[in-house]
Structure formats: C-alpha cells, structure tokens
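Visitor: Once you've had a glance at the structure underneath, I'll fire off some questions.
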Amino acid sequence: MRSWILYLHDINEAISLISEFIDDLTLEEFSHDKKTMSAVRDQIMIIGEAVNHLPNEILSEYPGIPWRDIVGMRNVLVHSYFRTDPELLFLVATERLVSLSPIIISMISKYSP
Numbered sequence: 094m095r096s097w098i099l100y101l102h103d104i105n106e107a108i109s110l111i112s113e114f115i116d117d118l119t120l121e122e123f124s125h126d127k128k129t130m131s132a133v134r135d136q137i138m139i140i141g142e143a144v145n146h147l148p149n150e151i152l153s154e155y156p157g158i159p160w161r162d163i164v165g166m167r168n169v170l171v172h173s174y175f176r177t178d179p180e181l182l183f184l185v186a187t188e189r190l191v192s193l194s195p196i197i198i199s200m201i202s203k204y205s206p
C-alpha cells in the first residue's frame, strides 16, 4: 500500500506543473490553448485524487482548506469533462492553488520521516 505522504508529494508536483503550464498566460490565451487547458485539468484531477487518499485525521488538522471541494472538482472534471469551464480552471490554477502550495509544503515537512 502506498504511503499517504507520497500523495502530498503528488499534490506538490501537480501544483508546480500547473504553475509551469500557466506561466504568464492570460485567461483569454489559456481559454484558446487546448493543450494547456487539458494539461491543467489533468493535474487538478490528480490533486483531487491524491487528496482523496489522505487520512481524514490529517485533513481535519487543516479545516481552512476546502478538501471536499477539491475532491468534488476532480469528480466533476472526470465525470462531466464536457462541461469544463476554462475560467474556473484558470482561477483555480492562478489563485486557489497558489494558496494551497505552502500548506502542502508545510505538511510534507511536518509528516515526512
């Protein structure tokens, strides 16, 4: 069985990749770049799946993070991929994940052996 700490590393890597993919794109550029939108969508799905593997007792230590929303977004992207909203993806990629990143890094430091 895979250690849940490795899922934190997966989340951290996905956030880093999204940052690279987005770089300096505007919302309009992002909306017209299918490859980047697809890559960002895939990484957000990875983040949601990884969060789903974190123990509830760990998640409960961080009540300010919308863990259920993160998993919920993954579910929407997987099951309703045809309704993907470029503006929402861009918002998540450029704002929401920026605030999540330092928390994930802190969690990795705190829980890694």
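The sequence shown begins at 94 in our numbering and counts up one residue at a time.
Don't be surprised by glycine CBs; every beta carbon is placed ideally from N, CA and C.
1) Can you tell me which of the three DSSP states Tyr155 falls into?
2) Quick one: is Tyr100 buried, meaning 16 or more other Cβ sit within 10 Å of its Cβ, or exposed?
3) For the 8 Å Cβ check, are there 3 or more pairs between the stretch 135-150 and the stretch 118-125?
4) With a CB to CB cut of under 8 Å and the five nearest residues on each side skipped, what residues in its chain are close to Tyr174?
5) Report, in whole angstroms, the separation of the C-beta atoms of Ala107 and Ile158, which I expect to be a contact under 8 Å.
6) In chain order, what residues of the same chain have a beta carbon less than 8 Å from the beta carbon of His176, not counting five sequence neighbours either side?
7) Go to Thr187, then tell me how far its alpha helix (DSSP H) extends in each direction, as first and last residue.
8) Can you tell me whether Ser173 is helix, strand or coil according to DSSP?
Guide: The short version:
1) coil
2) buried
3) no
4) Arg134
5) Not really, about 15 Å apart at Cβ, beyond 8 Å.
6) According to the sequence provided, residue 176 is Arg. The question's His does not apply to it. The answer, listed in chain order, is Val169.
7) Run containing Thr187: none; DSSP gives neither H nor E here.
8) coil
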